[in-house]
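Undergrad:
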DNA sequence: CCGGTACCTGAATCAGGTTTCAGGTTATTC
DNA sequence: GAATAACCTGAAACCTGATTCAGGTACCGG
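Below, the structure is given as structure tokens:
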């Protein structure tokens with residue numbers, strides 16, 4: 001059975017998975033090395049091709065040491081997804097500061113998302129694979145991103161920047177889905193010989209998407225009750 | 001390395017993977033039994049939890065027999081995804097016959113997609129997992145669906161039913177992405193105690209999405225060159 | 001009913017991965 | 001500078017599961 005179970009209470013606290021608690025400076029460094037190595041290995045091999053040995057090798061650490069820090073392959077994977085989630089959201093919100101209108105903020109948020117995707121193509125893959133490795137952590141990922149959106153949309157509806165007849169929750173998920181598939185198709189699939197994706201979306205695509213979003217969110221001039 | 005390689009030339013032809021060719025009535029029946037069993041097993045266990053033994057057991061067939069029909073676990077998985085793709089597209093185009101306007105057709109197509117998703121939640125999972133099992137076949141899946149959309153959008157732009165400033169390709173991918181994430185969130189995640197998703201989207205969600213799409217696609221009353 | 005072809009079978013082989021553990025090594029404390 | 005605690009290590013025990021293969025069994029034409 002695939003685990004739809006709950007996540008560990010606190011996936012980010014720095015404690016030994018064996019002795020239970022503290023973790024000295026040396027210990028912390030080792031844990032970080034493991035996480036970084038895991039990021040690279042999961043990213044370019046996928047969850048199942050990855051192995052603990054590959055991770056510890058890349059980290060330059062003994063195999064047995066792994067189990068001093070993480071209970072299992074799945075545990076370190078979950079910790080990684082949560083870390084990536086934090087970083088994506090940060091990229092998005094940084095991109096949105098200093099914007100004036102809601103529409104502008106929307107565009108900037110997407111731009112931040114795409115920039116992050118382009119810069120870390122492999123990380124994107126890790127997150128998507130979470131659907132099959134740890135559904136609970138994937139839900140957390142999506143839900144956290146959507147929450148920010150939804151809030152912004154509600155606020156913009158109050159000021160009249162966004163069509164009041166849209167349902168904020170549905171709209172937020174729709175926008176996420178768009179961004180994800182567009183990113184996949186026009187960044188991750190458009191790799192050069194070295195497998196690197198372009199740094200940004202082609203203007204045609206970005207503009208096409210911006211137009212689409214503008215249309216979708218903008219308040220309608222006429223009133224409701226169409227033909 | 002994950003295989004981004006090409007698919008076999010013809011993944012649907014009915015031939016023995018050993019002797020090379022024909023396949024009698026008995027052989028065909030066995031092949032079909034294997035595919036049906038694979039569908040169930042992959043669907044509720046995922047690719048890696050699934051095993052050839054589980055598939056042949058469920059099919060009521062000897063383990064060794066599997067290799068008379070498929071080269072490997074990956075091969076049967078790909079055959080399955082291609083089959084599902086055919087069925088989704090059929091569900092969508094059936095839903096779209098007898099529609100008048102483009103917007104109506106769009107809505108109907110989505111409804112067909114969602115109905116299919118609700119009826120075969122597990123199959124949806126199989127398709128998404130293809131991203132990690134066989135990227136090539138996943139691209140095929142998405143690309144085939146998008147092609148239909150794109151063509152429809154172009155036609156509707158000519159008749160003026162759809163905003164001429166939208167890029168049809170980008171728009172088609174955006175719509176796909178929306179549909180996929182909305183389906184995931186509001187169907188697959190909304191399961192009852194038995195793990196069954198609701199048969200249809202909640203009206204709030206479906207209407208919210210319809211409004212969003214209407215807004216996005218409708219030709220703008222004003223002309224271009226905004227403020 | 002006989003020969004032959006097409007199919008079927010599952011124990012055995014083989015490859016690879018996770019996790020444990022008994023025994024070091026490094027850092028810190030007194 | 002010895003004792004103690006915190007860390008580290010990788011060979012070996014164990015699993016699991018894909019794939020092979022030598023030996024059947026079902027069906028069909030004659």
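Residue numbers (the UniProt record's numbering), protein chains in the order written: chain A, 1 to 227; chain B, 1 to 227. C-beta: ideal position from N, C-alpha, C; glycine also.
1) Give a yes or no on whether 9 Å exceeds the smallest Cβ distance from residue 48(A) to chain B.
2) Could you round the C-beta distance between residue 130(B) and residue 120(B) to whole angstroms and report it? I think they count as a contact, below 8 Å.
3) For residue 234(A), name the three-state secondary structure that DSSP assigns.
4) Shorter than 9 Å from the beta carbon of residue 76(B) to some beta carbon of chain A?
5) Could you tell me the alpha carbon to alpha carbon distance between residue 216(B) and residue 214(A), rounded to whole angstroms?
6) Let me know the secondary structure DSSP gives residue 180(B) once reduced to three states.
7) Which residues, taken in chain order from the stretch 207-223 of chain B, show a beta carbon closer than 9 Å to some beta carbon of chain A?
8) Using a cut-off of 7 Å between C-beta atoms, extract the partners of residue 176(A) located in chain B.
9) Would you call residue 126(A) buried or exposed, if buried means 16 or more other Cβ atoms sit within 10 Å of its Cβ?
10) Using a C-beta to C-beta distance shorter than 9 Å, which residues of chain B count as neighbours of residue 166(A)?
11) Buried or exposed for residue 208(B), going by 16 or more other Cβ atoms inside 10 Å?
12) Whose Cβ in chain A lies nearer than 7 Å to the Cβ of residue 171(B)?
13) List, in order along the chain, the chain A residues whose C-beta lies closer than 9 Å to that of residue 204(B)?
14) Would a check of beta-carbon distances place residue 104(B) closer than 9 Å to chain A?
15) Whose C-alpha, out of 177(B), 24(B), 58(B), 49(B), is nearest the C-alpha of residue 68(B)?
16) Quick one: using the 10 Å Cβ neighbour count with 16 as the cut-off for buried, is residue 102(B) buried or exposed?
17) Could you tell me the distance, in whole angstroms, from the CA atom of residue 195(A) to the CA atom of residue 189(A)?
18) Counting only the same chain and skipping the five closest in sequence on each side, list residues whose C-beta sits under 8 Å from that of residue 63(A).
19) Measuring only the C-alpha atoms, how far is residue 100(B) from residue 206(B)?
20) Note down, in chain order, each residue of its chain lying with its Cβ closer than 6 Å to the Cβ of residue 36(B), except the 5 sequence neighbours on either side.
21) Looking at residue 221(B) and residue 164(B), is the spacing between their C-beta atoms short of 9 Å?
22) Suppose contacts are defined by Cβ-Cβ distances below 9 Å. Is residue 182(B) in contact with residue 177(A) by that definition?
23) Could you pull the start and end residues of the alpha helix (DSSP H) that residue 44(A) belongs to?
24) What residues of chain B sit near residue 163(A), judged by a beta carbon separation below 8 Å?
25) Determine the chain A residues that contact residue 190(B) at a beta-carbon separation under 8 Å, and present them in chain order.
26) Check this for me: beta carbons of residue 78(B) and residue 146(B), under 9 Å apart or not?
27) Does any CB atom of chain A fall closer than 9 Å to the CB of residue 129(B)?
28) Mind checking whether residue 203(A) and residue 117(A) have CB atoms under 9 Å apart?
29) What did DSSP end up calling residue 233(B) once you bin it into helix, strand or coil?
30) Assess, as a yes-or-no matter, whether the stretch 32-50 of chain A is touched by the stretch 79-90 of chain A under the definition of 3 or more beta carbon pairs within less than 8 Å.
31) Within its chain, find whatever has a CB closer than 7 Å to the CB of residue 144(A); leave out the 5 residues flanking it on each side and keep chain order.
32) Could you work out which residue in 155(B), 47(B), 28(B) is closest to residue 106(B) when comparing CA atoms only?
33) So, for residue 132(A): in the same chain, excluding its five sequence neighbours on each side, which residues have a beta-carbon less than 6 Å away from its beta-carbon?
34) Compute the distance between the beta-carbons of residue 166(A) and residue 158(A), then report whether it is under 9 Å.
35) Can you give the beta carbon distance from residue 113(A) to residue 91(A), rounded, assuming they're within the 8 Å contact cut?
36) Give a yes or no on whether 9 Å exceeds the smallest Cβ distance from residue 69(A) to chain B.
TA: A quick look at the data gives this:
1) The sequence position of residue 48(A) within the first chain is 48, counting from 1. Residue 48(A) counts as touching chain B.
2) For the purposes of this step, residue 130(B) is taken as residue 130 along the second chain, with counting starting at 1. For the purposes of this step, residue 120(B) is taken as residue 120 along the second chain, with counting starting at 1. Rounded, the Cβ-Cβ distance is 15 Å, inconsistent with contact.
3) Because chain A is modelled from 1 through 227, residue 234(A) falls outside the range shown and cannot be assessed.
4) Taking the first residue of the second chain as position 1, residue 76(B) is located at position 76. So, not an interface residue.
5) Reading the second chain from its first residue, position 216 is the one you call residue 216(B). Reading the first chain from its first residue, position 214 is the one you call residue 214(A). For residue 216(B) and residue 214(A), the distance between alpha carbons rounds to 7 Å.
6) Walking along the second chain from the start, residue 180(B) turns up at place 180. Three-state result, residue 180(B): helix.
7) 207, 208, 209, 211, 212, 213, 214, 215, 216, 217, 218, 220, 221, 222
8) Looking up residue 176(A) in the first chain gives position 176. Neighbours of residue 176(A) on chain B, chain order: 181.
9) Numbered from 1 along the first chain, position 126 holds the residue referred to as residue 126(A). So residue 126(A) ends up on the buried side.
10) Position 166 of the first chain holds residue 166(A). The contacting residues are 208, 211, 212, 215.
11) Translated into the one-based positions of the second chain, residue 208(B) becomes position 208. When all chains shown are included, residue 208(B) counts as buried.
12) What you label residue 171(B) is simply residue 171 of the second chain in a count that begins at 1. Under the 7 Å cutoff, chain A gives 208, 212.
13) Numbered from 1 along the second chain, position 204 holds the residue referred to as residue 204(B). Correct list: 167, 169, 170.
14) Residue 104(B) sits at position 104 when you count from the first residue of the second chain. Cβ-Cβ to chain A under 9 Å: no for residue 104(B).
15) In the second chain, counting from the first residue as 1, residue 68(B) sits at position 68. Comparing Cα-Cα distances from residue 68(B) to each of 177(B), 24(B), 58(B), 49(B), the minimum goes to 24(B).
16) Here residue 102(B) refers to the residue found at position 102 of the second chain. Per the 10 Å Cβ criterion, buried.
17) Along the first chain, read from residue 1 onward, the residue named residue 195(A) stands at position 195. Along the first chain, read from residue 1 onward, the residue named residue 189(A) stands at position 189. Using only the alpha carbons, I get a separation of about 9 Å.
18) Taking the first residue of the first chain as 1, we reach residue 63(A) at position 63. Once the five neighbours on either side are set aside, the close Cβ partners of residue 63(A) are 52, 53, 56.
19) The residue given as residue 100(B) occupies position 100 in the second chain. The residue given as residue 206(B) occupies position 206 in the second chain. If you take the alpha carbons of residue 100(B) and residue 206(B), they lie about 20 Å apart.
20) Counting from 1 along the second chain, the entry for residue 36(B) is found at position 36. So no residue of the chain qualifies.
21) Taking the first residue of the second chain as position 1, residue 164(B) is located at position 164. Taking the first residue of the second chain as position 1, residue 221(B) is located at position 221. Going by C-beta atoms, residue 164(B) is not nearer than 9 Å to residue 221(B).
22) What you label residue 182(B) is simply residue 182 of the second chain in a count that begins at 1. What you label residue 177(A) is simply residue 177 of the first chain in a count that begins at 1. Yes, these two residues count as a Cβ contact at 9 Å.
23) Counted from its first residue, the first chain places residue 44(A) at position 44. Looking at the DSSP string, the run of the alpha helix (DSSP H) that includes residue 44(A) is 25-45.
24) The residue labelled residue 163(A) in the question sits at position 163 within the first chain. Result: 211, 215.
25) Residue mapping note: residue 190(B) aligns to position 190 of the second chain, counting from 1. Within chain A, no residue comes near residue 190(B); the closest Cβ sits about 12 Å away, beyond 8 Å.
26) Locating residue 78(B) in the second chain gives position 78, counting from the first residue. Locating residue 146(B) in the second chain gives position 146, counting from the first residue. No.
27) By 1-based counting over the second chain, the position of residue 129(B) is 129. It does; some Cβ of chain A falls within 9 Å.
28) Within the first chain, residue 203(A) is the residue found at index 203, counting from 1. Within the first chain, residue 117(A) is the residue found at index 117, counting from 1. Contact: no.
29) Residue coverage of chain B in this structure runs from 1 to 227, which leaves residue 233(B) outside it and unanswerable.
30) yes
31) Locating residue 144(A) in the first chain gives position 144, where the first residue counts as 1. Contacts found: 85, 89.
32) Residue mapping note: residue 106(B) aligns to position 106 of the second chain, counting from 1. Looking at the Cα atoms, 155(B) is the closest of the given residues.
33) Mapped onto the first chain, residue 132(A) falls at position 132. Excluding sequence neighbours, residue 132(A) sits near nothing in its chain.
34) Counting from one through the first chain, the residue named residue 166(A) turns up at place 166. Counting from one through the first chain, the residue named residue 158(A) turns up at place 158. Cβ distance not < 9 Å, so residue 166(A) and residue 158(A) don't count as in contact.
35) Position 113 of the first chain, counted from the first residue, corresponds to residue 113(A). Position 91 of the first chain, counted from the first residue, corresponds to residue 91(A). Confirmed, Cβ separation roughly 7 Å.
36) In the first chain, residue 69(A) corresponds to position 69, counting from 1. Not an interface residue.
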